[in-house]
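Read left to right, the sequence shown gives residues -17 to -1, 1 to 237 (mature numbering (1 follows the signal peptide of the UniProt record, and there is no 0)). What follows is one structure encoded as structure tokens, with my remarks underneath.
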Amino acid sequence: MLNATMLLLICSLTAQAAETREQIYRIGADVDAQGHITATQVDPGVPISIAPVLASAVKQWQFVPAKLNGRSVPAHTFISAKLQALPNASGQYNLRISFAGNGPKFDRAGRQPPYPRDAVHRRQAAFVFINATVQPDGRLADMTVNSQFAEWPVSASFKDAALKIARTWHFIPEQVDGPPVATQVRIPMNFTLRDQILAPEQVKILREAARKESAMANAEVALPTVPLPSEQEVALDSPLQPNANAVATIITAP
């Protein structure tokens, strides 16, 4: 069933331009006390042709079981699955589905931070991350803001803008044996303008970061323009950790 669905999806992509396309999808996952995924919940907005592909792939993955008072217990998390459509020599596409992380669920759609006026005047860009705790009620606490790059200082106005929008955010927390639990997260945030001014050193920083990310993913990426860092949030201490031997990339044949 999984192969048949993927074949239909691949065929639907053959008429598109021969370029790599990718998308991150969040999928709710119930994980039992042995670390097996017993049920998934795909968001309603995921295309109907893709939803069964993602659900079937995710159910093949496995986690190190969550612990409570020293014993393994069931838990609930949200998995980030990367789906890539990769052009091949025959003019069609292969599909690759890979694990990209797990943690609380966050939707920042439509919630853009206010751009500092002084930075607009100077056409400045900034790349920061927020370290915070997702509380059991879904709100953020213990928030701090830092630059994503040690050699790229960030002004106080960018940090204030990041904190202002972060105070309005809400997460769906992870659960351990039923009740919601707190999770430490790191949330990247990009401040960019259409006609921003970047120094040569800043362009070099962004390109080097993109190269390192592609190398870690064992992928090759073209850099025709200045690449921007990902804004994918990361859970730092999720109660469910992926089993390194059982969370694998799935690649389909054309």
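A virtual CB, placed ideally from N, CA and C, is assigned to each residue, including glycine. As the structure is a prediction and not an experimental result, all values here were calculated from the model.
query                                                                                               : result
contact_flag[the stretch 158 to 177, the stretch 205 to 225] where n(CB pairs < 8 Å) is 3 or more   : yes
Rounded straight-line distance, which links the Cα of Ser138 to that of Asp101                      : 10 Å
Neighbourhood of Thr60 by C-beta, 6 Å cutoff - its chain only, sequence neighbours within 5 removed : Ala12, Asn85, Glu157 and Leu223
When Ser63, Asp120 and Ala49 are compared against Val29, the one with the closest alpha-carbon      : Ser63
Identified DSSP bridge partners for Pro156                                                          : Its beta-bridge partners do not exist; DSSP assigns none.
Cβ shell of Asn228 (< 6 Å), same chain only, five flanking positions each side left out             : none
Cβ-Cβ distance between Val192 and Pro212 below 8 Å                                                  : Correcting the residue type first, residue 192 is Ala in the shown sequence and not Val. Yes, Cβ-Cβ distance for Ala192 and Pro212 is below 8 Å.
Proximal residues to Leu69 (C-beta, below 7 Å), its chain only, five neighbours per side dropped    : Thr3, Tyr76, Asn77 and Arg79
Beta-carbon proximity check, Asp125 vs Pro57, cutoff 8 Å                                            : no
Asn226 vs Val47 beta-carbon contact at 8 Å                                                          : yes
Opening and closing residue of the alpha helix (DSSP H) in which Asp125 lies                        : It is not in any alpha helix (DSSP H) - Asp125 instead sits in the beta strand (DSSP E) that spans Leu123 to Ser130.
Cutoff 6 Å; reference Gln24; Cβ partners in own chain excluding five residues on either side        : Gly11
Cβ shell of Phe110 (< 6 Å), same chain only, five flanking positions each side left out             : Gln131, Asn173 and Pro212
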